[in-house]
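Chains as they are written, first to last, in full-length UniProt numbering: chain G, 1 to 372; chain B, 1 to 279.
Below is one structure, written out as structure tokens; comments come after it.
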């Protein structure tokens, strides 16, 4: 339950008032404040609400949740992640998840919030989640493109903003670079624009954007520990595996496809939705400079892009009544990948030992049984 | 001039209402703004396109999960909306399945409430070369015969044809994805009208959806047609661009949706500057 100090109450009330242009939901605005936390996760939240929520997650779960500011946006805002896991003395392996690299994809930050709430809600009672919290740390960035996200909340005409908010250079007067074309991964080669007025503008050079640099820096520091990298987008209902360049194959393509298809199967089991799995050039379009590609290139073996609902009917403006089912299915998909990742890291040695032991025992029994 | 042939067996869903999927016979019309959608009487026989299947086998398999199948199915979706769409009938494709015995693609819809699914077979040509023109589509459908939308369409038409209370609206869906129930038919009409442009502008390197109805205004009824000015935002997936179009749209249950004028709106670059207040 939310335990707010007086200052926080003021902030929440202000946020609710600002949001009251909800059409038919106007009359429900004030009663929402008293509703259970469950209703919180069926609505979209602006940046100040998400920031307040991160503080709340830390406050309510001090043993397992801490936060880390790992960079600044162009407009000098903090880029913050939540680190979630049971504390241990040694160094832990990690799972990385980021949401909201593209501002207009509001369902993505909603999913990051849902994911955090779900593992915090279940880790004490669910033995598998508990085990993963023990062995892994989850590094979750609810909103990576903070400037863009705030801009997309400004008014109805800015809702479909995608890029960062850095100004164009060299006589180009438009704003923003596509953060997911700005990473040092075949930068600028395919599926990009070199005109700063376009949505896939890749920047003046790789990592021209401080947001992309922040992720690169963190991944670089942690690269030996990160087992899986998930970056969350919408829309299209896809699970994309590296690489975005049509002529380059990931060395573990078969494994990526197998795990991705398993995730799609888990997603479909929840609400029947089909998610298509493949490389970006195969199922969507070729592109370069993506964070997913960068993660795979520096050696993170399991790197996936999730494109959440829908398939174009609402597109970026997914109705709030679809937040919960979308998050439920995406959670099942993410958990499939994370469970595979965890078990591969922590069970394969044990599994090998067990198999060897049984083989030895069996051989001993057979040889003793056949002695005359 | 090169041609790319896609043969699709497409299962489509008509959402937001119980439609009657009228069925066409004969060869496909060329795409244009002077055709008469919804002018096909109900209950005609389905024409199968078996002669087309043999052609597919010589051109190769269309992988159902790869992008050409999705882009082609989307084009067929736009085409079918220009033919059969209305304020109460908006067609979407969803999943792609591979056909079992035939070389082709079956698209089966998994959509939610109030939807009906049926099966269509379609033939699609993307003309290549200079002066790129619109794709050419032929499609015939079966299995979408459910209780029809005629009553709803008729009631909506009668409600709005008298010009003493002209309707308008904006930002549909709104930022939260919400569509007021009273605005839903106008949203769907905008989607169907957008299909004319999206079909015309489609090629092998595009994937269009309507992102939003920015605004619409009802004009005086003329020649028994409801008339509207629409400003729509289209999302083109490969470039990720949001493209603004203004449309002059007419509709009646008899004549169906027609788009009389289209006007591409230039991108507003000076609109991108940071607002004065940031939070």
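Virtual Cβ for every residue (Gly too), placed ideally from N, Cα, C.
Residue i at chain G interface by Cβ criterion, 8 angstroms
i: residue 274 of chain B; result: yes
i: residue 235 of chain B; result: yes
i: residue 142 of chain B; result: no
i: residue 209 of chain B; result: yes
i: residue 36 of chain B; result: A caution first: residue 36 of chain B carries a pLDDT of 36, below 50, which makes its placement in the model unreliable, though a value can still be read off. Residue 36 of chain B does not count as touching chain G.
i: residue 92 of chain B; result: yes
i: residue 188 of chain B; result: no
i: residue 267 of chain B; result: yes
i: residue 79 of chain B; result: no
i: residue 66 of chain B; result: yes
Chain B contact for residue i (CB, 8 angstroms cutoff)
i: residue 165 of chain G; result: yes
i: residue 209 of chain G; result: no
i: residue 76 of chain G; result: no
i: residue 139 of chain G; result: no
i: residue 202 of chain G; result: no
i: residue 245 of chain G; result: no
i: residue 276 of chain G; result: yes
i: residue 44 of chain G; result: yes
i: residue 59 of chain G; result: no
i: residue 34 of chain G; result: For residue 34 of chain G, the predicted structure reports a pLDDT of 36, less than 50, and the residue's modelled location is therefore unreliable. A value from the coordinates is still provided. No, its Cβ sits nowhere closer than 8 angstroms to a Cβ of chain B.
i: residue 29 of chain G; result: Confidence is the limiting factor: at residue 29 of chain G the pLDDT is only 39, short of 50, which leaves the residue's position unreliable, though a coordinate-based value still follows. By this cut-off, residue 29 of chain G is not an interface position.
i: residue 199 of chain G; result: yes
i: residue 256 of chain G; result: no
i: residue 160 of chain G; result: yes
i: residue 22 of chain G; result: Residue placement at residue 22 of chain G cannot be trusted, given a pLDDT of 38 that sits under 50; what the coordinates show is reported in the next sentence. Closer than 8 angstroms to some Cβ of chain B, the Cβ of residue 22 of chain G qualifies, so yes.
Closest residue to residue i among the options (Cα-Cα distance)
i: residue 82 of chain B; options: B:238, B:71, B:127 and B:136; result: B:136
i: residue 141 of chain B; options: B:119, B:161 and B:269; result: B:119
i: residue 271 of chain B; options: G:176, G:357 and G:102; result: G:176
i: residue 273 of chain B; options: G:363, G:223 and G:164; result: G:164
i: residue 192 of chain B; options: G:360, G:106, G:313 and G:117; result: G:313
i: residue 268 of chain B; options: B:245, B:262 and B:261; result: B:245
i: residue 157 of chain B; options: B:169, B:243, B:87 and B:126; result: B:87
i: residue 134 of chain G; options: G:279, G:355 and G:346; result: G:346
i: residue 169 of chain B; options: B:177, B:160, B:218 and B:260; result: B:218
i: residue 104 of chain G; options: G:206, G:130 and G:145; result: G:145
i: residue 72 of chain B; options: B:228, B:209, B:204 and B:189; result: B:204
i: residue 211 of chain B; options: B:248, B:64 and B:179; result: B:179
i: residue 254 of chain G; options: G:279, G:77, G:194 and G:66; result: G:279
i: residue 107 of chain G; options: B:263, B:266 and B:177; result: B:177
i: residue 56 of chain G; options: G:272, G:116, G:257 and G:92; result: G:116
i: residue 159 of chain B; options: B:221, B:64 and B:123; result: B:221
i: residue 163 of chain B; options: B:225, B:70 and B:62; result: B:225
i: residue 162 of chain G; options: G:234, G:348 and G:306; result: G:234
i: residue 187 of chain G; options: G:202, G:195 and G:174; result: G:202
i: residue 62 of chain G; options: G:131, G:331, G:120 and G:304; result: G:120
i: residue 266 of chain G; options: G:331, G:169, G:341 and G:68; result: G:331
i: residue 141 of chain G; options: G:316, G:109 and G:271; result: G:109
Integer-rounded CB distance, given that residue j should sit under 8 angstroms from residue i
i: residue 84 of chain G; j: residue 137 of chain G; result: 7 angstroms
i: residue 212 of chain G; j: residue 183 of chain G; result: 5 angstroms
i: residue 230 of chain G; j: residue 298 of chain G; result: Not confirmed; about 15 angstroms, so no contact.
i: residue 294 of chain G; j: residue 216 of chain G; result: 7 angstroms
i: residue 264 of chain B; j: residue 250 of chain B; result: The pair is not a contact, with the Cβ atoms about 20 angstroms apart (cut-off 8 angstroms).
i: residue 112 of chain G; j: residue 97 of chain G; result: 6 angstroms
Residue i CB to nearest heavy atom of the ligand SAM below 7 angstroms
i: residue 209 of chain B; result: Summarising the ligand content, the structure contains no ligands, and the ligand SAM is consequently not present.
**Item:** Where the stretch 168-179 of chain B meets chain G: residues whose CB sits under 7 angstroms from a CB there
**Value:** The residues in question are 171, 173, 174, 175, 176, 177 and 178.
**Asked** Taking the runs of the beta strand (DSSP E) that are 3 residues or longer, which of them lie wholly in the stretch 191-269 of chain G?
**Response** Whole beta strand (DSSP E) segments, 3+ residues: 226-234 and 238-241.
**Asked** Which of the residues in the stretch 172-186 of chain G, read from start to end, lie with their CB under 8 angstroms from any CB of chain B?
**Response** Residues passing the 8 angstroms Cβ filter: 173, 174, 175, 176 and 178.
**Prompt:** Just by C-beta distance, which residues in the stretch 303-332 of chain G are closer than 7 angstroms to chain B?
**Reply:** Residues of the stretch 303-332 of chain G with a C-beta atom less than 7 angstroms from some C-beta of chain B are 311, 312, 313, 314, 315, 316, 317, 318, 319 and 320, listed in chain order.
**Message:** At 4 residues or longer, what runs of the alpha helix (DSSP H) sit wholly inside the stretch 120-206 of chain G?
**Reply:** If you keep only unbroken alpha helix (DSSP H) runs of at least 4 residues inside the stretch 120-206 of chain G, you get 127-135 and 146-152.
**Asked** Along the stretch 281-301 of chain G, what residues have a CB closer than 7 angstroms to any CB found in chain B?
**Response** Residues passing the 7 angstroms Cβ filter: 282, 283, 284 and 285.
**Every unbroken beta strand (DSSP E) inside the stretch 289-353 of chain G [3 residues or more]** = DSSP runs (the beta strand (DSSP E)) wholly in the stretch 289-353 of chain G: 302-308.
**Prompt:** Using a Cβ cut-off of 7 angstroms, which residues of the stretch 91-114 of chain G contact any Cβ in chain B, in chain order?
**Reply:** If the cut-off is 7 angstroms between Cβ atoms, the stretch 91-114 of chain G has nothing near chain B.
**Request:** Check each residue of the stretch 139-156 of chain G: if its Cβ is closer than 7 angstroms to any Cβ of chain B, include it; give the result in chain order.
**Result:** Hits within the stretch, in order: 150, 154 and 156.
**Message:** To be precise: take each residue of the stretch 236-254 of chain B, compare its Cβ to all Cβ atoms of chain G, and keep it if any distance is under 8 angstroms. Which residues remain?
**Reply:** Listed by position, the residues of the stretch 236-254 of chain B near chain G (Cβ gap below 8 angstroms) are 237, 238, 239, 240, 241 and 242.
**Request:** With 9 angstroms as the C-beta to C-beta threshold (strictly closer), list the residues of the stretch 197-227 of chain B near chain G in chain order.
**Result:** Going along the stretch 197-227 of chain B in chain order, one finds 205, 207, 208, 209, 210, 211, 212 and 214 with a Cβ nearer than 9 angstroms to chain G.
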